[in-house]
Amino acid sequence: MPQVIRIIMSAVILVSVGAAVARADAGDPVRGAQRFQAVCGACHSADPAVKRLSVHLKSIIGRKAASVPGVAYSTALKASGWIWTKEQLETYLADPKKALPGTTMMVAAANAKDRADIIAYLASLN
Ligand code: HEC
1 MPQVIRIIMS AVILVSVGAA VARADAGDPV RGAQRFQAVC GACHSADPAV
51 KRLSVHLKSI IGRKAASVPG VAYSTALKAS GWIWTKEQLE TYLADPKKAL
101 PGTTMMVAAA NAKDRADIIA YLASLN
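Dropping the structure here:
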């Protein structure tokens, strides 16, 4: 009998670890909100009514790049033709200058977990 309980316990632990890994891959929007404030917050708000140095990022997923009126975008971003998907954000945030030579965004989110969490947070605002 104890043998059976051990097997059941192991199965339960494996399933919970699997679920935790799946959540990590999807990104944690709550942690992402904190990381967003820390890493992006000087230049971007998540609220169209709150002005920072650059454009707000509300509903960024599915938004055409460089499409908010009155923002001083680079020629490169305006000419990119990008639509912001999670994948496009991942590439851009990892290394903006490499993803888009000529962009005026100087700050990357170099940490992969931060990026995944920040993207999950931004997606939660759509
Ligand atoms: C030091 C200021 C600064 C920081 C910090 C910063 N950005 Fe930016 N961001 C900019 C500027 C400037 C642009 C406009 C880039 C261009 O026109 O080439 C921009 C553009 C963007 C865009 C494109 C917006 C659009 O309307 O197409 C996204 C998305 C973005 N930033 C996300 C982020 C995220 C997420 C972070 C945090 C990981 C971040 N940025 C950190 C300055 C910043």
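The opening residue of the sequence shown carries number 1 in my numbering; numbering runs sequentially from there.
No residue lacks a Cβ here, since even glycine has one placed at the ideal position from N, Cα and C.
Does DSSP put G98 in a helix, a strand or coil? For clarity, residue 98 is Lys in the given sequence; the question names Gly instead. Here K98 sits in helix by DSSP.
Figure out for me which residue from R52, R115, K51, S80 has the closest Cα to the Cα of A99. S80
With distances taken Cα to Cα, identify the nearest neighbour of A108 among D28, Y73, V30, G41. G41
When the distance is taken between beta carbons, is I119 closer than 8 Å to L89? yes
Under 7 Å: does the beta carbon of A94 sit that close to some heavy atom of the ligand HEC? no
Assuming contact is defined by CB atoms lying nearer than 8 Å, are H56 and A46 in contact in what I supplied? yes
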